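Undergrad:
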Amino acid sequence: MDTPATRPVEFDLPASPTAASHCASTVGQAWARVPEPLPAARKAELIKRIRALLARERATLVAHYYVDADLQELAEATGGCVGDSLEMARFGRDHPAGTLVVAGVRFMGETAKILSPSKRILMPDLQATCSLDLGCPADAFAAWCDAHPDRTVVVYANTSAAVKARADWVVTSSIALDVVADLHARGERILWAPDRHLGSYVQRQTGADMLLWQGACIVHDEFKGTELELLRAEYPGAKVLAHPESPQPVLAQADVVGSTTQLIDAARKLDAAQFIVATDQGILHKMRAQAPGKDFIAAPTAGNSATCKSCAHCPWMAMNELAGLAHVLQHGANEITLDAELGRRAKAPIDRMLAFAEQRKRRVRASGDLARDTALFERVGPA
Ligand code: SF4
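Numbers 1351 to 1733, taken from our numbering, label the letters of the sequence shown in order.
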């Protein structure tokens, strides 16, 4: 059997915690398996087999917006779901299937297990990880928390179960503003991890006292403000949609800043024919399906070299393949396991967020016009 091709991936790895507001960063080294292109006949055969295996195993497929379009379509066609990380976990938790197959990255499988501890959680590739998760090791993070015992710990969903277990709150990108604004109003000071751009965005919007862990998403960190200005000049009528993991110079030019679900909704609802999209390009499949006839243009990255870091597609999301999916269903491989006590502790800050979301009518703040954006997103769920 051939050894699968891999590519090296560098990511920001904040150094040991300090009492300062910013941690120094080093460069971490990881790898990602390179997916193999499939001939059409092989693809069709795998899709047919996966459908049969899902039925045989009474399993449900939940997929993230960033994975391959074939997997997204399979999830929807077989009664599963395509969504952001929390929608995936909540769908899996509420679905009667005893087996969930999570097509995404490792922390998503873990979150599904945290919320559904009695279910079998399988993943096409357990090595599919995330630079935010890798860049926030649990022991270093715990030491940072210990150095700031007076602060409320808020972590983004893109973290390991061990990091979540150390947090007071877990938040997704769509509810982070509301949670932090509420904590700020109550006079709480915050430790935020791991994404520095999302944390900085939340800090600017809320005025909260926040110390930021200095992690970054390797995909969003590559979007560049100057190049975006040039692209906007080329497409003067285009609206800019940006995920808040993007750097500030990009967010400053965005018409809408939001989570993946919110950006898809904006693409559908906003009165524009063209959109420049600053998030993983896997999302374009769903945007085109939801907003047919509109034109979506990828936001510019660091260069034209199409390196792993500049192609605006997550190399770990790309590891989710049809062949891997068929394999885990056939053999029950790649099951996520989690220490029960760790899962219980990690669940508490997620439940806190879910309860918070249910208690209040959600408001989504994009760049500039709150009234318009509140109306725009009034039916978006709390994920
Ligand atoms: S796109 Fe970024 S945040 Fe999402 S899984 Fe990949 S590295 Fe992590």
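The beta-carbon is built from N, C-alpha and C at its ideal position, and this holds for glycine as well.
Predicted model only: the values in this text are computed from it and were never measured.
1) Looking at residue 1411: is its Cβ nearer than 8 Å to the Cβ of residue 1676?
2) Around the C-beta of residue 1601, are 16 or more other C-beta atoms found within 10 angstroms, so that it is buried, or is it exposed?
3) The beta strand (DSSP E) with residue 1460 in it runs from where to where?
4) Any heavy atom of the ligand SF4 closer than 7 Å to the Cβ of residue 1542?
5) Looking at the unbroken beta strand (DSSP E) that takes in residue 1360, where does it start and where does it end?
6) Would you mind stating whether residue 1452 and residue 1667 have Cβ atoms separated by less than 8 Å?
7) Contact criterion: CB-CB distance below 8 Å. Does residue 1549 meet it with respect to chain B?
8) Got a sec: does the ligand SF4 put a non-hydrogen atom nearer than 7 Å to the Cβ of residue 1570?
9) What residue from 1525, 1471, 1639, 1488 has the CA that sits closest to residue 1551's CA?
10) Would you call the stretch 1576-1591 in contact with the stretch 1548-1568, where contact means no fewer than 3 C-beta pairs closer than 8 Å?
11) Do residue 1355 and residue 1515 come within 8 Å of each other at the CB atom, strictly closer than that value?
12) Just checking my contact of residue 1342 with residue 1625 at CB under 8 Å: how many whole Å lie between their CB atoms?
13) Going straight from the alpha carbon of residue 1684 to that of residue 1398, what length do you get?
14) Would you please state the rounded distance, in angstroms, between the beta carbons of residue 1364 and residue 1564? I believe it to be under 8 Å.
15) According to DSSP, which residues form a beta bridge with residue 1651?
16) Assuming residue 1361 and residue 1568 form a contact by the criterion Cβ under 8 Å, report the distance between their Cβ atoms to the nearest whole angstrom.
17) Going by the CB atoms, is the gap between residue 1617 and residue 1645 shorter than 8 Å?
18) By Cβ distance below 6 Å, which residues in the same chain neighbour residue 1656 in space, the five residues on each side in sequence not counted?
19) Am I right that residue 1755 and residue 1511 are in contact with their C-beta atoms under 8 Å? What's the rounded C-beta distance?
20) If you reduce the DSSP assignment to three classes, tell me which class residue 1563 lands in.
21) Can you tell me whether DSSP reads residue 1353 as helix, strand or coil?
22) Cα separation between residue 1357 and residue 1548?
23) Would you call the CB atoms of residue 1388 and residue 1700 closer than 8 Å?
24) So, is residue 1371 buried or exposed, given that buried needs 16 or more other C-beta atoms within 10 angstroms?
25) Return the Cβ separation of residue 1505 and residue 1543 in integer angstroms, given the expectation that the two are a contact with Cβ distance under 8 Å.
26) Could I get the ranges of all uninterrupted beta strand (DSSP E) runs contained in the stretch 1437-1522, with 3 residues as the minimum, in chain order?
27) Let me know the secondary structure DSSP gives residue 1408 once reduced to three states.
28) Pick helix, strand or coil for residue 1402, following the three-state DSSP scheme.
29) Nearest-angstrom Cα distance between residue 1540 and residue 1605?
30) Use the C-beta contact count for residue 1651: other C-beta atoms within 10 angstroms, 16 or more gives buried, fewer gives exposed.
TA: In short:
1) Position 61 of the sequence shown, counting from 1, holds the residue named residue 1411. Position 326 of the sequence shown, counting from 1, holds the residue named residue 1676. Cβ distance not < 8 Å, so residue 1411 and residue 1676 don't count as in contact.
2) Reading the sequence shown from its first residue, position 251 is the one you call residue 1601. When all chains shown are included, residue 1601 counts as buried.
3) For this step, residue 1460 is matched to residue 110 along the sequence shown. That residue, residue 1460, is in no beta strand (DSSP E); its alpha helix (DSSP H) goes 1456-1465.
4) Within the sequence shown, the letter at position 192 stands for residue 1542. Because no heavy atom of the ligand SF4 lies under 7 Å away, the Cβ of residue 1542 does not count as near it: no.
5) For the purposes of this step, residue 1360 is taken as the residue at position 10 of the sequence shown. Taken as a continuous stretch (DSSP letters only), the beta strand (DSSP E) holding residue 1360 covers 1356-1364.
6) Locating residue 1452 in the sequence shown gives position 102, counting from the first residue. Locating residue 1667 in the sequence shown gives position 317, counting from the first residue. No. Outside cutoff.
7) The structure shown has no chain B; it contains just one protein chain.
8) By 1-based counting over the sequence shown, the position of residue 1570 is 220. At least one heavy atom of the ligand SF4 is nearer than 7 Å to the Cβ of residue 1570, so yes.
9) Residue 1551 sits at position 201 when you count from the first residue of the sequence shown. Of 1525, 1471, 1639, 1488, the residue nearest in Cα terms is 1525.
10) no
11) Against the sequence shown, residue 1515 aligns to sequence position 165. Against the sequence shown, residue 1355 aligns to sequence position 5. Their beta carbons are not under 8 Å apart, which means residue 1515 does not touch residue 1355 by this criterion.
12) Any question about residue 1342 goes unanswered here, given that the chain covers just 1351 to 1733.
13) Taking the first residue of the sequence shown as 1, we reach residue 1684 at position 334. Taking the first residue of the sequence shown as 1, we reach residue 1398 at position 48. If you take the alpha carbons of residue 1684 and residue 1398, they lie about 21 Å apart.
14) Counting from 1 along the sequence shown, the entry for residue 1364 is found at position 14. Counting from 1 along the sequence shown, the entry for residue 1564 is found at position 214. Rounded, the Cβ-Cβ distance is 4 Å, consistent with contact.
15) For the purposes of this step, residue 1651 is identified with residue 301 of the sequence shown, where counting begins at 1. None; residue 1651 has no bridge partner.
16) What you label residue 1361 is simply residue 11 of the sequence shown in a count that begins at 1. What you label residue 1568 is simply residue 218 of the sequence shown in a count that begins at 1. Contact holds; Cβ gap of about 5 Å.
17) Walking along the sequence shown from the start, residue 1645 turns up at place 295. Walking along the sequence shown from the start, residue 1617 turns up at place 267. Taking 8 Å as the Cβ cut-off, residue 1645 and residue 1617 do not qualify as a contacting pair.
18) For the purposes of this step, residue 1656 is taken as residue 306 along the sequence shown, with counting starting at 1. Summary for residue 1656: the model assigns pLDDT 43, below 50, so the residue's position carries little reliability, and this model does not support an answer.
19) Nothing can be reported for residue 1755: it is not among the residues displayed for the chain, which extend from 1351 to 1733.
20) What you label residue 1563 is simply residue 213 of the sequence shown in a count that begins at 1. Here residue 1563 sits in coil by DSSP.
21) Residue 1353 sits at position 3 when you count from the first residue of the sequence shown. Three-state result, residue 1353: coil.
22) Counted from its first residue, the sequence shown places residue 1357 at position 7. Counted from its first residue, the sequence shown places residue 1548 at position 198. C-alpha separation (whole angstroms): 27 Å.
23) Stepping through the sequence shown from its first residue, residue 1388 is reached at position 38. Stepping through the sequence shown from its first residue, residue 1700 is reached at position 350. No. Outside cutoff.
24) Residue numbering aside, residue 1371 sits at position 21 when the sequence shown is read from its first letter. Low confidence applies to residue 1371: its pLDDT is 45, below 50, so where it sits in the model is not reliable, and the reading given next is rough at best. By the neighbour-count rule (16 or more Cβ atoms within 10 Å), residue 1371 is not buried but exposed.
25) Taking the first residue of the sequence shown as position 1, residue 1505 is located at position 155. Taking the first residue of the sequence shown as position 1, residue 1543 is located at position 193. That belief holds up - the Cβ atoms of residue 1505 and residue 1543 are roughly 5 Å apart, short of 8 Å.
26) 1449-1453, 1470-1472, 1502-1506, 1519-1521
27) Stepping through the sequence shown from its first residue, residue 1408 is reached at position 58. Looking at residue 1408 - three-state DSSP - the assignment turns out to be coil, as it is neither helix nor strand.
28) On the sequence shown, position 52 is the one that residue 1402 refers to. Reduced to three states, the DSSP call for residue 1402 is helix.
29) Locating residue 1540 in the sequence shown gives position 190, counting from the first residue. Locating residue 1605 in the sequence shown gives position 255, counting from the first residue. Approximately 28 Å, taken between the alpha carbons.
30) As a first step, residue 1651 must be located in the sequence shown, where it is residue number 301. Classification of residue 1651: buried, given that the 10 Å Cβ count is 16 or more.
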